[in-house]
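Number of protein chains: 2
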Amino acid sequence: MTYEENIEARFQALGPTTRRAIFERLAAGPSSVGDLAAGMPVSRPAVSQHLKALKAAGLVTDERRGTTRLYSVDPRAVAELRDYFDRFWDIALSAYQRSLEGGDA
Amino acid sequence: MTYEENIEARFQALGPTTRRAIFERLAAGPSSVGDLAAGMPVSRPAVSQHLKALKAAGLVTDERRGTTRLYSVDPRAVAELRDYFDRFWDIALSAYQRSLEGGDA
DNA sequence: CTTAAACGTAAGCCATGACTTACGAAGAAA
DNA sequence: TTTCTTCGTAAGTCATGGCTTACGTTTAAG
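For the protein sequence lines, the chains are A and B, in the order given. Under my numbering, the residues of the first sequence are numbered 176 to 280, in order. Under my numbering, the residues of the second sequence are numbered 176 to 280, in order.
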């Protein structure tokens, strides 16, 4: 899997609203599946499925805690996404600058 | 529409792969609908529909150019997304730091 | 061993939406 | 006006996937 495919997979994994909400909640701190589901309008299995997708995309990690399972965001994935966006903003904003300088056709 | 709803709408608008590809191409510089569709594996009306969604989310702007129509990314939306992510990274990474310091339960 | 708690997985339903072709509108050129 | 180009919209098809309930698995507790 190339770097771009990594970014692509992670960005696509964050597409659905519910899944992004789960990720944002995990960004505030680790949590179990039940605690996550308790604060959301979907069932617990739905949260489990979203976590599975987030894990497959390398966005979160999990760890057994007795009968519960603690999920956390993977800081490396966060840093990777941040770097990608930083470069993206640069491209977009510099293109905008050029369009202002170059004028219209 | 609140600020969070704005971010939410824009993030959701960038969910589909094809639409995100269109946005990334526009980030490199303004383009017409036909030129965009020529470099993609979907039909021109499909590109038009994606552009409509991107425009509704405030991510792009359009401008008549004779019979063609020139689309560009809105730098304000880009800056807004960048600010949101910057704050998000901070939250996620500081939470990770805390999890390292605090240790396990 | 039995019971209970927390979770993952399977199967299935169903709405969302991405895409297509066909058509209409708007502007430039002759 | 007629014609050609470029584009947006309408209508319809079809796969994707998000969600549910039901069930199996693992671990702790009694």
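C-beta atoms are modelled at their ideal positions from N, C-alpha and C, and glycine is treated no differently. The structure presented is a predicted model; accordingly, all values stated were derived computationally and were not measured.
Length of the line joining the Cα atoms of residue i and residue j
| i | j | result |
| --- | --- | --- |
| residue 178(A) | residue 202(B) | 20 angstroms |
| residue 233(B) | residue 214(B) | 23 angstroms |
| residue 225(B) | residue 258(A) | 26 angstroms |
| residue 274(B) | residue 240(B) | 55 angstroms |
| residue 263(B) | residue 217(B) | 34 angstroms |
| residue 238(A) | residue 185(A) | 20 angstroms |
| residue 131(A) | residue 230(A) | Nothing about residue 131(A) can be read from this structure; chain A reaches only from 176 to 280. |
| residue 271(B) | residue 242(B) | 53 angstroms |
Residue closest to residue i, alpha-carbon to alpha-carbon, out of the options
| i | options | result |
| --- | --- | --- |
| residue 219(B) | 251(B), 209(B), 183(B) | 209(B) |
| residue 206(A) | 244(A), 187(A), 189(A), 180(A) | 244(A) |
| residue 246(A) | 266(A), 200(A), 190(A) | 200(A) |
| residue 222(A) | 255(A), 204(A), 196(A), 190(A) | 196(A) |
| residue 227(A) | 189(A), 183(A), 260(A) | 189(A) |
| residue 255(A) | 180(B), 261(B), 253(B) | 261(B) |
Per-residue burial, residue i [other beta carbons within 10 Å of its own, 16 or more giving buried]
| i | result |
| --- | --- |
| residue 280(A) | Confidence is the limiting factor: at residue 280(A) the pLDDT is only 39, short of 50, which leaves the residue's position unreliable, though a coordinate-based value still follows. By the neighbour-count rule (16 or more Cβ atoms within 10 Å), residue 280(A) is not buried but exposed. |
| residue 212(B) | buried |
| residue 249(A) | buried |
| residue 194(A) | buried |
| residue 267(A) | buried |
Three-state secondary structure (DSSP) of residue i
| i | result |
| --- | --- |
| residue 248(A) | strand |
| residue 235(A) | strand |
| residue 193(A) | helix |
Near the ligand PLP: residue i beta-carbon under 7 angstroms from a heavy atom
| i | result |
| --- | --- |
| residue 274(B) | With respect to the ligand PLP, the structure shown offers nothing to examine, as it has no ligands at all. |
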